[in-house]
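Notes for the one structure printed next.
There are 2 protein chains.
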Amino acid sequence: MPTVKRDTYTPDSLLSVAVRVFNERGYDGTSMEHLSQAAGISKSSIYHHVRGKEELLRRGISRALDELFAVLEEPRAREGRAVERLEHVTRRTVEVLLAELPYVTLLLRVRGNTETEVWAMSRRREFDQRVAELVKQAAADGDLRSDVDARLATRLLFGMINSIAEWYRPERAAHPGGPGGPAPEAGGAGTSSAEVAEAVVRTAFAGLRTG
Amino acid sequence: MPTVKRDTYTPDSLLSVAVRVFNERGYDGTSMEHLSQAAGISKSSIYHHVRGKEELLRRGISRALDELFAVLEEPRAREGRAVERLEHVTRRTVEVLLAELPYVTLLLRVRGNTETEVWAMSRRREFDQRVAELVKQAAADGDLRSDVDARLATRLLFGMINSIAEWYRPERAAHPGGPGGPAPEAGGAGTSSAEVAEAVVRTAFAGLRTG
């Protein structure tokens with residue numbers, strides 16, 4: 001029988017627990033009972049905070065989307081040559097992904113058919129399209145190579161960025177070289193958010209090859 | 001009640017159905033009953049071909065792994081400068097991913113705890129490590145930029161490659177500009193396997209930016 005603790009949750013701290021459980025079990029595989037067990041409070045206590053698990057999903061995804069769309073409003077994303085704006089958006093998107101890793105992971109894994117999931121997928125496409133417009137403008141300016149289709153370039157860029165969610169572990173970055181845990185996997189250990197963002201920008205825009 | 005047809009399956013055609021169902025429902029979410037319904041033959045007919053669903057998983061994953069490891073044995077993957085071998089392996093890995101899309105997708109989604117899944121993840125790591133060695137050698141030769149960590153570069157390269165499985169739809173490539181279906185998404189429509197492979201090589205090695 002799980003220990004039931006006094007409900008001292010804030011909206012943010014309860015959301016944090018719920019998003020972790022969604023990412024571990026999948027949204028469809030998560031019940032209010034699972035959330036109750038993970039939070040250590042009763043289901044009725046959770047219903048005191050939210051109407052149900054879909055509201056937690058919506059809040060978790062909103063947090064990721066709000067941060068991502070805010071990047072597009074930053075001055076360096078709005079002013080200057082398209083290719084510079086694109087590089088800024090790429091760098092900042094990686095930084096948001098790493099700073100808000102559980103929330104962006106939740107967004108990236110959305111596949112389902114609830115109203116919230118359909119909305120999330122549509123907002124995610126909207127973000128991708130905003131970036132795709134930058135890619136097209138940069139290509140029209142002659143700043144991107146013309147022998148890679150702009151739509152395909154956008155896909156590959158997001159492929160590289162989004163895949164980071166599959167291997168990046170922030171606790172490694174926080175404790176580089178620290179004791180314990182399994183052997184570090186390639187590129188995961190001791191790599192800061194800014195380093196990963198810079199590596200993505202260099203690789204995607206300048207390429208890995210010298211000369 | 002599903003129509004039960006005469007069992008005319010070969011090992012390959014039954015595997016093809018099973019892998020499609022695994023990718024749609026997830027391996028854990030797939031029962032022998034689901035496989036029986038999708039194949040239109042009885043469960044006992046399926047047991048005539050295989051001992052159970054884990055054998056189908058193992059065969060599906062083996063098909064992907066055999067093709068991927070075969071790339072590493074090709075002459076252009078074994079002879080010449082490391083950076084050239086790495087580019088060849090990158091191009092051919094994309095081609096194998098697209099030619100064997102359902103099987104490689106199954107491999108990439110493996111997460112679980114059965115013996116077969118643990119084996120698959122270990123073989124996949126082995127493949128990644130073989131490529132990581134090429135990256136390190138190419139960096140040591142001075143052919144890769146030194147300001148992106150080799151392990152991180154390997155991660156980003158595989159991130160770009162593996163993400164293709166999430167959006168590439170072969171039927172679009174087979175019927176470019178054909179009628180019907182939803183509006184094509186970025187980079188997915190009418191793009192051949194060789195075009196995608198070339199775009200990945202150009203982006204990852206030479207970068208998107210001109211000059």
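Those sequence lines, one after another, are chains Z and B. One point on numbering: in UniProt numbering, the residue at position 138 of the first sequence is 138, and numbering is uninterrupted. One point on numbering: in UniProt numbering, the residue at position 130 of the second sequence is 130, and numbering is uninterrupted. Every residue gets a Cβ at the ideal spot worked out from N, C-alpha and C, and that includes glycine.
Other residues of its chain near residue i: CB distance less than 7 Å, five sequence neighbours each side excluded
| i | result |
| --- | --- |
| Z/Q137 | A82 |
| Z/S146 | A139 |
| Z/V200 | T90, V94, M160 and I161 |
| B/F205 | E87 |
Within-8 Å CB hit, residue i to chain Z
| i | result |
| --- | --- |
| B/T10 | no |
| B/A174 | Its pLDDT being 44, under 50, B/A174 is placed unreliably by the model, and nothing is read from it. |
| B/T121 | Correcting the residue type first, residue 121 of chain B is Met in the shown sequence and not Thr. Output row for B/M121: interface = no. |
| B/A199 | yes |
| B/A153 | yes |
| B/D147 | yes |
| B/R91 | no |
| B/L156 | yes |
| B/V118 | no |
Beta-bridge partners of residue i, as assigned by DSSP
| i | result |
| --- | --- |
| Z/R59 | Note: Z/R59 sits in no beta bridge, so no partner. |
| Z/R209 | B/L144 |
Span separating the alpha-carbon of residue i from that of residue j
| i | j | result |
| --- | --- | --- |
| B/G207 | B/L156 | 13 Å |
| Z/Y27 | Z/T116 | 11 Å |
| Z/V118 | B/G80 | 49 Å |
| Z/V110 | Z/A120 | 7 Å |
| Z/S36 | Z/I46 | 7 Å |
| Z/R76 | Z/E84 | 8 Å |
| Z/T30 | B/T210 | 47 Å |
| Z/S192 | B/A153 | 15 Å |
| Z/P102 | B/I41 | 42 Å |
| B/R25 | B/G142 | 46 Å |
| B/S62 | Z/R123 | 37 Å |
| B/R20 | B/N113 | 21 Å |
| B/E67 | Z/Y168 | 28 Å |
| residue 264 of chain B | B/A70 | In this structure chain B extends from 1 to 211, so residue 264 of chain B is not present and cannot be described. |
| B/A6 | B/A194 | The question names Ala, but residue 6 of chain B in the sequence shown is Arg. Roughly 39 Å separates the two Cα atoms. |
| Z/A64 | B/E126 | 34 Å |
| B/T203 | Z/V104 | 25 Å |
Cut-off 8 Å between Cβ atoms - residues of its own chain near residue i, not counting five sequence neighbours on either side
| i | result |
| --- | --- |
| B/E74 | H88 and R92 |
| B/N162 | L97 and L108 |
| B/A150 | A132, V135, K136, A139 and L144 |
| Z/S16 | P102 |
| B/E33 | K43 |
C-beta neighbour in chain B for residue i, strict 8 Å
| i | result |
| --- | --- |
| Z/I164 | yes |
| Z/G112 | no |
| Z/D66 | no |
| Z/T191 | yes |
| Z/V94 | no |
| Z/R202 | yes |
| Z/V21 | no |
Residue i: contacting residues in chain Z (beta-carbon distance under 7 Å)
| i | result |
| --- | --- |
| B/F205 | G207, L208 and R209 |
| B/G159 | G159, M160, S163 and I164 |
Cβ shell of residue i (< 6 Å), same chain only, five flanking positions each side left out
| i | result |
| --- | --- |
| B/A197 | R91, V94 and E95 |
| Z/R58 | T116 |
Interface partners of residue i on chain B, CB under 8 Å
| i | result |
| --- | --- |
| Z/T105 | Result: empty, since nearest Cβ-Cβ is about 14 Å, beyond 8 Å. |
Cross-chain neighbours of residue i in chain B, by beta carbon under 7 Å
| i | result |
| --- | --- |
| Z/D143 | R209 and T210 |
Within chain Z, the residues that residue i reaches when beta carbons sit closer than 8 Å
| i | result |
| --- | --- |
| B/V196 | L152 |
| B/V83 | R209 |
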